[in-house]
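Here the structure is laid out as structure tokens; the discussion comes afterwards.
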Amino acid sequence: MDATLSVSNGLLVVLVLLNFAVLGSSRMSTLIRMVAIQGLLLGTLPQLRSDVLSWHLIAVGAMTAAIKAALIPLLLRRAMRDVRIRREVEPLLGFIPSLLMGALGTGMAVVFSNTLPWPAAAGGALVLSTSISMLLTGFIILTTRRKAITQVVGYLILENGIFTFGLLLLDAVPFLVEVGVLLDLFVAVFVMVIILNHIQATFLSHDTTRLSLLKE
Amino acid sequence: MSGEALLALALGAVLAGGAAALLPAPGERPQRIAVGLTTLGAALGLAAAASVLAYGPSAGLRLGWALPGAELRLQIDALSAWFLVPIFLVSGLGAWYGLDSWRLSEHPASARRLLGFYALATAAMAIVVTARNGILFLAAWEVMTVSAFMLVTTEDERQEVREAGWIYFIAAHASTLLLFGLLGLLWRARGSFDLEPFAAGALSPALASGMFLLALGGFGIKAGLFPVHVWLPPAHANAPSHVSALLSGVLIKMGVYGMVRVTWLFGDPPLWWGALLLALGVVSGVLGVAFALGQHDLKRLLAYHSIENIGIIFIGLGLAVGGRAAGSPALVALGLGGALLHTWNHGLFKTLLFFGAGAVLHRTHTREIDQLGGLAKAMPRTALYFLVGAAAICGLPPLNGFVSELFVYLGLFGSLGAAAPLRWLPAVLAIPALALIGALAVACFVKVCGAVFLGEPRTDHARHARECGPAMVFPMAVLAACCVGIGLFPALVVPALDRATAGWSLAGATVPLAGLAPLAALTWTGAALLAGGGLLALALRAAGLDTRLGTWDCGYVLPTPRMQYTGSSFAQVLVTLWRTVLIPAVTRGTSDQLFPGPSHYATRVPDTVLERALLPGLRGIAWLLAWLRPLQRGSIHAYLFYVFLTLLILLLFK
Chain D
1 MDATLSVSNG LLVVLVLLNF AVLGSSRMST LIRMVAIQGL LLGTLPQLRS
51 DVLSWHLIAV GAMTAAIKAA LIPLLLRRAM RDVRIRREVE PLLGFIPSLL
101 MGALGTGMAV VFSNTLPWPA AAGGALVLST SISMLLTGFI ILTTRRKAIT
151 QVVGYLILEN GIFTFGLLLL DAVPFLVEVG VLLDLFVAVF VMVIILNHIQ
201 ATFLSHDTTR LSLLKE
Chain G
217 MSGEALLALA LGAVLAGGAA ALLPAPGERP QRIAVGLTTL GAALGLAAAA
267 SVLAYGPSAG LRLGWALPGA ELRLQIDALS AWFLVPIFLV SGLGAWYGLD
317 SWRLSEHPAS ARRLLGFYAL ATAAMAIVVT ARNGILFLAA WEVMTVSAFM
367 LVTTEDERQE VREAGWIYFI AAHASTLLLF GLLGLLWRAR GSFDLEPFAA
417 GALSPALASG MFLLALGGFG IKAGLFPVHV WLPPAHANAP SHVSALLSGV
467 LIKMGVYGMV RVTWLFGDPP LWWGALLLAL GVVSGVLGVA FALGQHDLKR
517 LLAYHSIENI GIIFIGLGLA VGGRAAGSPA LVALGLGGAL LHTWNHGLFK
567 TLLFFGAGAV LHRTHTREID QLGGLAKAMP RTALYFLVGA AAICGLPPLN
617 GFVSELFVYL GLFGSLGAAA PLRWLPAVLA IPALALIGAL AVACFVKVCG
667 AVFLGEPRTD HARHARECGP AMVFPMAVLA ACCVGIGLFP ALVVPALDRA
717 TAGWSLAGAT VPLAGLAPLA ALTWTGAALL AGGGLLALAL RAAGLDTRLG
767 TWDCGYVLPT PRMQYTGSSF AQVLVTLWRT VLIPAVTRGT SDQLFPGPSH
817 YATRVPDTVL ERALLPGLRG IAWLLAWLRP LQRGSIHAYL FYVFLTLLIL
867 LLFK
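Just so you know, the protein sequences line up as chains D and G, in that order.
Counted from 1, the first sequence has number 91 at position 91 by our numbering; the numbering is strictly sequential.
Counted from 1, the second sequence has number 579 at position 363 by our numbering; the numbering is strictly sequential.
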């Protein structure tokens with residue numbers, strides 16, 4: 001038991017490191033790959049953190065991995081190819097400041113997770129701080145990047161953070177709800193990719209700051 | 217067959233009618249099928265109401281619903297049945313009226329929409345008055361509100377219709393918002409959304425009064441009580457006429473029903489509830505008719521009369537609530553009896569008047585009173601039925617309006633002898649107010665009937681008018697017959713009225729109305745009046761008076777129709793008397809030279825509350841909110857940053 005727990009704790013740390021990789025990188029394909037790896041890790045975490053091996057957890061893990069690590073990256077790569085964008089240039093907040101913000105956020109997340117009134121289950125605090133750190137990273141990406149695809153990546157990291165939070169509620173959340181959440185996520189990304197193409201067609205650019213033209 | 221089963225069949229038929237209107241069949245057939253099914257549904261619904269009014273409340277229906285706190289819980293008691301009657305009668309007759317006035321072949325797009333939402337509104341109103349669960353009630357209320365919005369905006373290609381629709385939509389949702397608050401307090405008071413009476417003393421006075429005031433706000437807006445009536449005149453004026461009739465005859469009565477139902481919940485209301493209802497009724501009644509006097513638009517004028525009649529109904533309801541607080545069953549019987557009977561009566565004669573106004577509009581294409589004239593010759597039946605409705609709304613015997621106003625008068629006189637000032641003082645104010653309302657209403661309808669139906673046609677619109685088809689005239693005949701019937705034989709409806717009043721009084725003692733009001737004398741005097749009028753008409757005819765001459769000749773050599781009294785000039789004295797409230801806007805040319813040239817004169821009476829209070833107030837709020845405009849940057853990053861900031865603040869100060 002201890003072995004699987006330490007493996008899962010290690011994976012959580014890897015998840016946080018991947019956040020920094022996303023924050024510091026400008027290449028789209030790297031971003032997508034990092035998020036895919038995060039999805040793959042998240043798919044394995046439910047089994048590692050549970051005492052008993054159950055079909056329900058395996059099914060959830062497999063579906064999570066399939067959607068987050070294969071299906072969504074596929075959609076994003078295709079969108080990237082369609083709109084011919086490879087790099088995020090000139091983000092609203094530079095890469096180094098983003099990394100610093102991310103570090104600050106992760107630090108704050110650790111502080112928060114200790115103050116939140118959560119039963120001190122094994123490794124619960126670590127899961128919580130990882131989750132909040134991913135939420136904050138997602139927000140940083142969403143608010144400081146110009147390209148729509150990068151923003152979708154930010155949204156995915158945010159969503160991964162919520163999924164991580166769900167690890168604490170493994171026994172409480174019914175199978176149907178988890179599948180429903182996954183389906184929602186997939187549909188959301190699907191719609192975002194469609195909108196992306198429309199933005200490209202309408203504004204002849206992929207820069208979401210241009211959307212302010214729509215302001216009345 | 218149980219009442220609920222009949223009601224379910226009725227709703228099924230009405231809704232099937234609405235769906236049938238959407239059939240892609242060519243020609244008039246979908247509308248005919250829809251009208252047939254609506255008629256069937258209306259007959260079934262009336263049967264359900266009649267069985268309850270004759271044999272007592274139905275057993276009730278309870279089904280589960282997945283929504284938390286909600287239940288499909290229906291029951292038809294005498295009070296529900298009383299309100300079901302106008303719902304089904306008016307919507308049934310309105311469907312026939314629409315067969316001619318809003319033909320599918322003439323309005324191919326809007327007629328289908330109108331028929332569908334007409335059915336939906338009818339069904340929703342029937343559920344509103346029978347629901348016994350707060351959530352079900354609110355859901356039906358919302359369906360009713362939204363369908364009515366779609367009905368009001370039938371001619372949405374016109375700017376004024378869209379404006380009327382928006383004002384209605386905003387007002388209706390303010391009303392629903394207050395009702396949400398009411399349901400919240402209901403949950404707090406009871407722990408469920410059941411609409412059942414509270415045990416005596418089960419509630420703190422503050423909680424009960426909070427519920428009462430929220431209900432008064434929410435239902436008052438729907439009923440069109442002054443000063444929250446602002447949606448009513450534009451919506452009634454701009455909807456198709458049979459929709460105006462449905463709105464005025466039935467929909468605003470849902471506000472009255474809500475008030476009656478909510479006061480039913482409380483066994484021991486404080487006296488000031490009754491006094492407040494009565495005072496609001498007086499204000500609404502007097503100002504409603506005063507504004508009506510200043511209107512030039514026939515349907516807008518009728519809409520202001522709805523506000524007046526809602527005022528009379530609220531005076532009766534206030535009496536009943538006061539009577540219950542003071543433990544006087546006679547006052548309850550007269551007050552609630554008057555209010556409920558006036559609800560029926562107003563449903564009958566206002567529907568009749570809107571049908572009449574619609575017939576005029578259908579043939580002349582104008583609602584401007586001062587462009588009409590002489591229509592009694594071209595449209596004799598419409599003129600006759602309109603006259604019956606006008607006499608009824610003025611509360612003249614031997615028609616139905618007189619009976620219900622008599623009940624209210626008797627109740628007011630009965631409370632004069634009471635010791636508590638909160639009981640006799642409102643009555644002292646309300647009796648002259650009621651008399652004033654009656655007199656001003658007569659003046660107003662003399663203006664309408666005189667300017668629209670008598671005299672000479674003022675424009676070509678009026679000159680080329682002709683009588684409407686039987687589908688439009690027949691519903692008016694039925695309604696006029698109902699008005700005369702209730703006026704002549706009030707004893708026929710009084711037993712049903714007693715049942716409804718007894719249901720509202722809960723376990724308290726009840727007094728039958730027959731012992732309180734001179735019902736037989738009403739019949740005799742009414743019959744005598746009718747006989748006298750008939751004899752007079754026969755005598756005039758025998759005297760051979762020639763009525764083919766032009767009226768308003770006045771001995772001029774070359775009179776023109778423009779020399780006639782207009783509706784505006786007729787009402788000018790009264791409007792001037794009321795100028796402090798009405799604030800008429802006058803535009804006039806000058807004529808101070810010896811040989812003055814052509815000049816002009818026009819008056820307009822806008823809605824004081826809407827134009828002087830609400831709109832400036834809302835503009836002020838908009839100005840204040842403009843300070844927040846810079847926050848709306850139009851940048852998706854800024855918006856996400858706001859979310860991020862909120863999340864951070866919540867985490868820090870959890």
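No residue lacks a Cβ here, since even glycine has one placed at the ideal position from N, Cα and C.
Small disclaimer: the values here were computed from a predicted structure and weren't measured.
- Shown here, leucine 290 of chain G sits in a strand according to DSSP, grouped into three states.
- Residue pairing of arginine 27 of chain D in beta bridges, as defined by DSSP: D:Arg87.
- Using a Cβ-Cβ distance cut-off of 8 Å, the segment 307–316 of chain G and the segment 265–279 of chain G are not in contact, since fewer than three pairs of beta carbons, one from each stretch, lie closer than that value.
- For phenylalanine 860 of chain G, the nearest beta carbon of chain D is closer than 8 Å to its own beta carbon.
- Positions of the alpha helix (DSSP H) runs, each at least 4 residues long and wholly inside the segment 659–714 of chain G, are given as 676–679, 686–704 in order along the chain.
- If you draw a 10 Å sphere on the C-beta of glycine 605 of chain G, you find 16 or more other C-beta atoms in it, and that means buried.
- Among the residues of chain G, none has a CB under 9 Å from the CB of leucine 126 of chain D; the nearest is roughly 18 Å distant.
- For leucine 92 of chain D, the chain G residues whose Cβ falls inside 9 Å of its Cβ are His853, in order along the chain.
- Cβ contact annotation for glycine 350 of chain G (same chain, cutoff 7 Å, sequence separation greater than five): Leu399, Leu402, Phe409, Leu411, in chain order.
- Membership of leucine 826 of chain G in any alpha helix (DSSP H) is not indicated, and neither H nor E is assigned to it by DSSP.
- Ranked by Cα distance from lysine 68 of chain D, the first of D:Ile32, D:Arg78, D:Asp207, D:Leu48 is D:Ile32.
- If you draw a straight line from the Cα of alanine 282 of chain G to the Cα of alanine 355 of chain G, it comes to about 14 Å.
- The Cβ atoms of leucine 494 of chain G and glycine 538 of chain G sit closer than 8 Å to each other.
- Rounded to the nearest whole angstrom, the CA to CA distance from proline 302 of chain G to arginine 795 of chain G is 36 Å.
- For the pair proline 596 of chain G and leucine 269 of chain G, the Cα-to-Cα distance works out to about 37 Å.
- Taking a beta-carbon distance threshold of 8 Å, threonine 208 of chain D counts as an interface residue toward chain G.
- Within chain G, His853, Leu856, Phe857, Phe860 have C-beta atoms less than 7 Å from the C-beta of threonine 143 of chain D, given in sequence order.
- In this structure, the straight-line span from the alpha carbon of arginine 86 of chain D to that of alanine 79 of chain D is close to 11 Å.
- Per DSSP, threonine 582 of chain G lies in no alpha helix (DSSP H) and is assigned neither H nor E.
- Judged by DSSP in its simplified three-state form, valine 802 of chain G adopts strand.
- Residues Val345, Lys469, Tyr473 of the same chain have their beta carbon placed closer than 7 Å to that of phenylalanine 299 of chain G, with the five preceding and five following residues left out of the count.
- Cβ contact annotation for phenylalanine 165 of chain D (same chain, cutoff 6 Å, sequence separation greater than five): Ser131, in chain order.
- Under the 8 Å Cβ criterion, the segment 381–398 of chain G counts as touching the segment 421–440 of chain G, having at least three qualifying pairs.
- In chain order, Leu867 make up the part of chain G whose C-beta sits under 7 Å from the C-beta of phenylalanine 112 of chain D.
- Across the structure, proline 421 of chain G and glycine 490 of chain G are spaced so that their CA atoms are roughly 15 Å apart.
- Tyrosine 817 of chain G is bridged by DSSP to G:Arg804.
- Fewer than three pairs of CB atoms, one per stretch, sit closer than 8 Å, so the segment 538–554 of chain G makes no contact with the segment 563–580 of chain G.
- In the structure shown, the three-state DSSP call for leucine 238 of chain G is coil.
- For phenylalanine 139 of chain D, at least one C-beta of chain G is nearer than 8 Å to its own C-beta.
- For a cut-off of 8 Å, the C-beta gap from alanine 294 of chain G to glycine 719 of chain G is around 4 Å, short enough to register as a contact.
- Annotation for leucine 393 of chain G: the continuous alpha helix (DSSP H) segment containing it runs 375–406.
- Three or more beta-carbon pairs separated by less than 8 Å are not found between the segment 224–242 of chain G and the segment 192–204 of chain D, which leaves the two stretches without contact.
- Contact between serine 631 of chain G and alanine 643 of chain G is confirmed by a C-beta separation of about 5 Å, below the 8 Å threshold.
- Under the criterion of beta carbons closer than 8 Å, threonine 717 of chain G and leucine 841 of chain G do not qualify as touching, at roughly 48 Å.
- Around the CB of tryptophan 843 of chain G, fewer than 16 other CB atoms lie within 10 Å, so the residue is classed as exposed.
- With respect to the C-alpha of alanine 646 of chain G, the residue from G:Pro614, G:Ala325, G:Gly527, G:Ala451 having the closest C-alpha is G:Gly527.
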